[in-house]
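Colleague:
Numbering (my numbering), first residue to last: 21 to 458.
#1: Below 7 Å CB to CB, which residues in the same chain sit around residue 370 once its five sequence neighbours on both sides are set aside?
#2: Decide yes or no for the touch test of the segment 126–135 against the segment 163–174: beta carbon pairs closer than 8 Å, at least 3 of them.
#3: Label residue 372 either buried or exposed according to how many other C-beta atoms from any shown protein chain fall within 10 Å of its C-beta, with 16 as the threshold for buried.
#4: Residue 284: buried (16+ other C-beta within 10 angstroms of its C-beta) or exposed?
#5: Can you list the alpha helix (DSSP H) stretches of 4 or more residues lying completely in the segment 287–333, in chain order?
#6: Please state if the CB of residue 120 and the CB of residue 94 are separated by a distance shorter than 9 Å.
#7: Starting from the C-beta of residue 328, find all residues in its chain whose C-beta is less than 7 Å away, skip the five residues before and the five after it, and write them out in chain order.
#8: Rounded to whole angstroms, what's the CA-CA distance from residue 56 to residue 109? Just pull it up for me.
#9: Please report how far the alpha carbon of residue 275 lies from the alpha carbon of residue 389, in whole angstroms.
#10: If you drop the 5 nearest sequence neighbours on each side, which residues of the same chain put their C-beta closer than 7 Å to that of residue 37?
#11: Please name the residue in 45, 451, 60 and 322 whose C-alpha comes closest to that of residue 353.
#12: Checking 9 Å against the spacing of the C-beta atoms, do residue 83 and residue 187 come in under that value?
#13: Tell me which residue opens and which closes the alpha helix (DSSP H) that residue 345 is part of.
#14: Does the distance from the C-beta atom of residue 332 to that of residue 263 stay below 9 Å?
#15: Just grab the DSSP bridge partners of residue 138 for me.
#16: Let's test the definition: count the other Cβ atoms within 10 Å of the Cβ of residue 236 and tell me whether it reaches 16, buried, or not, exposed.
#17: Reducing DSSP to helix, strand and coil, say where residue 133 ends up.
#18: Using DSSP with H/G/I as helix, E/B as strand and the rest coil, what is residue 79?
#19: Consult DSSP for residue 452 and reduce its assignment to one of helix, strand or coil.
#20: Would you kindly work out how many angstroms separate the C-alpha atoms of residue 23 and residue 68, rounded to a whole number?
#21: Can you give me the Cβ contacts of residue 43 inside the same chain, cut-off strictly under 7 Å, excluding the 5 residues immediately before and after it?
#22: Once DSSP output is grouped into helix, strand and coil, what is the label at residue 206?
#23: Of the choices 387, 81 and 58, whose alpha-carbon is the least far from that of residue 444?
#24: Is it buried or exposed for residue 205, if we count other Cβ within 10 angstroms and need 16 for buried?
#25: State the DSSP-derived secondary structure class of residue 379, mapped to helix, strand or coil.
#26: For residue 404, report the span of its alpha helix (DSSP H) as first-last.
#27: Measuring straight from C-alpha to C-alpha, what distance separates residue 438 and residue 383?
#28: Going by DSSP in three states, residue 360 sits in which element: helix, strand or coil?
#29: Could you pull out every residue in the same chain whose Cβ sits closer than 8 Å to the Cβ of residue 219, ignoring the five residues on either side in sequence?
#30: Smallest Cα separation from residue 162: which of 86, 112, 29 and 87?
#31: From which residue to which residue does the alpha helix (DSSP H) around residue 52 run?
#32: Apply the 10 Å Cβ neighbour rule to residue 213 and answer buried if 16 or more other Cβ atoms are within range, or exposed otherwise.
#33: Suppose only complete runs of 3+ residues qualify. What are the beta strand (DSSP E) ranges in the segment 141–206, listed by chain order?
#34: Applying the 10 Å Cβ sphere with the 16-neighbour rule, what's the burial state of residue 280?
#35: Tell me, to the nearest whole angstrom, how far the beta carbon of residue 377 is from that of residue 429; I am working on the premise that it is less than 8 Å.
#36: When burial is assigned at 16 or more other CB atoms within 10 Å of the CB, is residue 184 buried or exposed?
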């Protein structure tokens, strides 16, 4: 609790100071000035005494428990007058730096036992758990000369998690599954190597080993067994959380956008009946969720990123892939979201993908940084602009060369801007699993 003068009181003090200079020049004005100063001081003291003391205000904050990174959320502040006098003032909320939203003071005028509520639209630009503890109320005296600053406790906790909206919405899960199935029919075949689907009449050219002799004994007609690819495939999602993935694109970090796209892949895969896991790594393994199926697995995958903070360390692909290879007991589809900015890290990525490809299928989601294209679109007005564009072109060519070599080894590849990654990644995942190679 602290008292301080208002702007009106400060203006009154400046006026008295100006009159003091005039009184020094004319002694006949000293007594009127002294009287005015005494009255002003008395008014300040009286106004301060008239401001209610003690716990005169109560504040309740309401926030959702979980929200997606960058997704809008509504905060409700409910301020109530617990005293016996009418209160005027302003409420200033204290928000974390990672929150975007209106921060202007909220004016209030409350009679005893009266309350006011405000709704504000906020969004968290970073992943993590945020605790909002306090707000500040500034209560003015009835003469508006003095004010009292009151710190109000209003605790609330909200977790910002990439992809959490998919976990809470069946429609988003179905949308992810539809994007994975877009334009693709399930791959069917005759013979073994998948789940049995149905019997079909034998036609010349069908392999003899596919004939169902038991059906022939019952019906007297040749029939072959048709199969669809096995449904319970192993899908391992891997997200790079290193230095480059901590850069912001459109106000959000690339790692959060990557996790949001991977969550949609997990939702589509689990909806199909696959086993899905997640690994988050930078210089070390930060989170590991082994591949499993069932309804609770999506929640485990979504919330695994909550405890991973940005460390801004270089990415170590080799140790991460070795750890993942040991954790996978069967042939899997490895979906990696990553980025690199130099030939050395690109070569390390290519070498490890080639090693993984000996046992598993690999799909790389390369997070293209839009800043290079923005530089190329700018007009060249001088030598610095020309050198800047030359550097951007060089980096883009080196990156594309690495991606071409990765693709040439049989690795599936998606190269997209972070905010546009989810749909092409889901489409490619759908084509891979429909091909029946897993």
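Beta carbons: idealized from backbone N, C-alpha and C, even for Gly.
Modeller: Reading it off the structure:
#1: Position 350 of the chain shown, counting from 1, holds the residue named residue 370. If we look at residue 370 and ignore the five residues flanking it on each side, its Cβ neighbours are 422, 425 and 426.
#2: no
#3: Looking up residue 372 in the chain shown gives position 352. Classification of residue 372: buried, given that the 10 Å Cβ count is 16 or more.
#4: Working through the chain shown from its first residue, we reach residue 284 at position 264. With 16 or more other Cβ atoms within 10 Å, it is buried.
#5: 315–324
#6: Against the chain shown, residue 94 aligns to sequence position 74. Against the chain shown, residue 120 aligns to sequence position 100. Taking 9 Å as the Cβ cut-off, residue 94 and residue 120 do not qualify as a contacting pair.
#7: Numbered from 1 along the chain shown, position 308 holds the residue referred to as residue 328. For residue 328, where only same-chain residues beyond five positions count, the Cβ hits under 7 Å are 261, 300, 306 and 307.
#8: Taking the first residue of the chain shown as position 1, residue 56 is located at position 36. Taking the first residue of the chain shown as position 1, residue 109 is located at position 89. Here the C-alpha atom of residue 56 lies approximately 27 Å from the C-alpha atom of residue 109.
#9: As a first step, residue 275 is located in the chain shown; it is residue number 255 there, counting from the start. As a first step, residue 389 is located in the chain shown; it is residue number 369 there, counting from the start. Each residue's Cα considered, the two are about 12 Å apart.
#10: Along the chain shown, read from residue 1 onward, the residue named residue 37 stands at position 17. Nothing meets the Cβ criterion.
#11: Here residue 353 refers to the residue found at position 333 when the chain shown is read from its first residue. Of the candidates 45, 451, 60 and 322, the one whose C-alpha sits nearest the C-alpha of residue 353 is 451.
#12: One-based indexing of the chain shown puts residue 83 at position 63. One-based indexing of the chain shown puts residue 187 at position 167. No, the pair does not count as a contact, with Cβ atoms beyond the cut-off.
#13: One-based indexing of the chain shown puts residue 345 at position 325. Taken as a continuous stretch (DSSP letters only), the alpha helix (DSSP H) holding residue 345 covers 337–347.
#14: Here residue 332 corresponds to residue number 312 of the chain shown, with the count starting at 1. Here residue 263 corresponds to residue number 243 of the chain shown, with the count starting at 1. Result yes, Cβ atoms of residue 332 and residue 263 sit closer than 9 Å.
#15: One-based indexing of the chain shown puts residue 138 at position 118. In DSSP, residue 138 forms a bridge with 97.
#16: Counted from its first residue, the chain shown places residue 236 at position 216. The residue is exposed, with fewer than 16 neighbouring Cβ atoms inside 10 Å.
#17: To locate residue 133, count along the chain shown from 1; it is residue 113. The answer is coil: DSSP assigns residue 133 none of H, G, I, E or B.
#18: Stepping through the chain shown from its first residue, residue 79 is reached at position 59. Note: residue 79 maps to strand in three-state DSSP.
#19: Residue mapping note: residue 452 aligns to position 432 of the chain shown, counting from 1. Looking at residue 452 - three-state DSSP - the assignment turns out to be helix.
#20: In the chain shown, the residue the question calls residue 23 occupies position 3. In the chain shown, the residue the question calls residue 68 occupies position 48. Going by the C-alpha atoms only, they are around 8 Å apart.
#21: Your numbering for residue 43 matches position 23 in the chain shown. So the qualifying residues of the chain are 49, 50 and 53.
#22: In the chain shown, the residue the question calls residue 206 occupies position 186. With a pLDDT of 43 at residue 206, under the threshold of 50, the predicted position of this residue should be treated as unreliable, and no value is reported.
#23: Your numbering for residue 444 matches position 424 in the chain shown. The option with the nearest alpha carbon to residue 444 is 387.
#24: The residue given as residue 205 occupies position 185 in the chain shown. Residue placement at residue 205 is poorly supported in this model, since its pLDDT is 46, which falls under 50; the coordinates still yield a value, given next. Counting every other CB atom within 10 Å of its CB across the protein chains shown gives residue 205 a total below 16, marking it as exposed.
#25: To locate residue 379, count along the chain shown from 1; it is residue 359. Residue 379: coil per DSSP, three-state reduction.
#26: Here residue 404 corresponds to residue number 384 of the chain shown, with the count starting at 1. Counting along the chain, the alpha helix (DSSP H) containing residue 404 begins and ends at 403–428.
#27: For the purposes of this step, residue 438 is identified with residue 418 of the chain shown, where counting begins at 1. For the purposes of this step, residue 383 is identified with residue 363 of the chain shown, where counting begins at 1. Taking C-alpha positions only, residue 438 is separated from residue 383 by approximately 16 Å.
#28: Counting from one through the chain shown, the residue named residue 360 turns up at place 340. Reduced to three states, the DSSP call for residue 360 is coil.
#29: Looking up residue 219 in the chain shown gives position 199. So the list reads 232, 235, 243, 244, 245 and 246, once near-sequence residues are dropped.
#30: Indexing the chain shown from 1 puts residue 162 at position 142. Of 86, 112, 29 and 87, the residue nearest in Cα terms is 29.
#31: The residue you call residue 52 lines up with position 32 of the chain shown. Here the alpha helix (DSSP H) through residue 52 covers 50–70.
#32: Taking the first residue of the chain shown as position 1, residue 213 is located at position 193. In this prediction, residue 213 scores a pLDDT of 47, lower than 50, which makes its location untrustworthy; the coordinate-derived value is nonetheless stated afterwards. Classification for residue 213: exposed.
#33: 148–160 and 166–180
#34: Sequence index remark: in the chain shown, residue 280 carries index 260 (1-based). Buried, since its Cβ has 16 or more Cβ neighbours within 10 Å.
#35: Indexing the chain shown from 1 puts residue 377 at position 357. Indexing the chain shown from 1 puts residue 429 at position 409. That pair is a contact at about 6 Å.
#36: Along the chain shown, read from residue 1 onward, the residue named residue 184 stands at position 164. With 16 or more Cβ atoms within 10 Å of its Cβ, residue 184 is classed as buried.
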